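The numbering used here puts the sequence shown at residues 14 to 183. Yeah, the Cβ is synthetic: ideal placement off N, Cα and C, and Gly gets one too. All figures in this text were calculated on a predicted structure; none of them were measured in a lab. Taking it in order: structure first as structure tokens, then the write-up.
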Amino acid sequence: KQWYQRRVREGFGGIYGVGRAAETEPALIVLSHKPPGASKTVAWCGKGIMYDTGGFSIKGKTTMPGMKRDCGGAAAILGGFKAAVECGFKENLHAVLCVAENSVGPRATVPDDVHTLYSGKTVEINNTDAEGRLVLGDGVAFAGKDLQADIVLDMATLLRVQICCGRHEE
Numbered sequence: 014k015q016w017y018q019r020r021v022r023e024g025f026g027g028i029y030g031v032g033r034a035a036e037t038e039p040a041l042i043v044l045s046h047k048p049p050g051a052s053k054t055v056a057w058c059g060k061g062i063m064y065d066t067g068g069f070s071i072k073g074k075t076t077m078p079g080m081k082r083d084c085g086g087a088a089a090i091l092g093g094f095k096a097a098v099e100c101g102f103k104e105n106l107h108a109v110l111c112v113a114e115n116s117v118g119p120r121a122t123v124p125d126d127v128h129t130l131y132s133g134k135t136v137e138i139n140n141t142d143a144e145g146r147l148v149l150g151d152g153v154a155f156a157g158k159d160l161q162a163d164i165v166l167d168m169a170t171l172l173r174v175q176i177c178c179g180r181h182e183e
């Protein structure tokens, strides 16, 4: 698709590499609040994997159910952004939602692919189920470079950390 190719040329190889096999195109969504008198710029970046099959490093039958919740980081950022604006947040605030669906299909990323992220760094894909760092890599770089954020916070569901720490039940 031309739209996808243009985004890759613009450097969003993480988000668009993760989501290129999905029926719904991936997106970097930016919401901005710029009150008068603001002196700082804050960006909140959220991982929004709308469904995570694991890509070609596909999840098993017991770990795939529930992966519609892999967008929790972006959902929390959206809710926090709304609350901050309604409460009169006095600094510039941007919500950067890194939205994609990690699917399997003829256009999907495969292990050994190389993606160029918005930061200019290249990443060789060894596991297509490690997509969070790719989408957030683009979002965080965009927040620093284009939004000139003084503070960047990222938020994501961290399933592997939950499993390692015993906080996740399968």
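Assigned secondary structure, E183 (DSSP; H/G/I helix, E/B strand, else coil):
Confidence is the limiting factor: at E183 the pLDDT is only 48, short of 50, which leaves the residue's position unreliable, though a coordinate-based value still follows. E183 falls in the coil class under three-state DSSP.
Only counting the same chain, and skipping five residues up and downstream in sequence, which positions put a Cβ closer than 8 Å to that of P119?
A34
Residue from K74, S70 and V112 whose Cα sits closest to the Cα of I90:
V112
Of all the alpha helix (DSSP H) runs that stay within the bounds of the stretch 140-166, which reach a length of 4 or more residues?
145-158
Which of the three DSSP states, helix, strand or coil, is assigned to L130?
coil
Report yes if the CB atom of A169 is closer than 7 Å to the CB atom of G86, and no otherwise.
yes
At a cut of 8 Å, does the stretch 101-108 reach the stretch 45-53 through at least three beta carbon pairs?
Enough Cβ pairs lie closer than 8 Å, so yes.
From which residue to which residue does the alpha helix (DSSP H) around E38 run?
Premise fails: E38 is in no alpha helix (DSSP H) and is neither H nor E.
Proximal residues to V165 (C-beta, below 7 Å), its chain only, five neighbours per side dropped
A56, C58, V153, A156 and G157
Note down the Cα distance separating P124 from N139, rounded to an integer number of angstroms.
5 Å
Let's see if you can read the secondary structure: which residues bound the beta strand (DSSP E) around V98?
Where V98 is concerned, there is no enclosing beta strand (DSSP E), although the alpha helix (DSSP H) it sits in stretches over G85 to E99.
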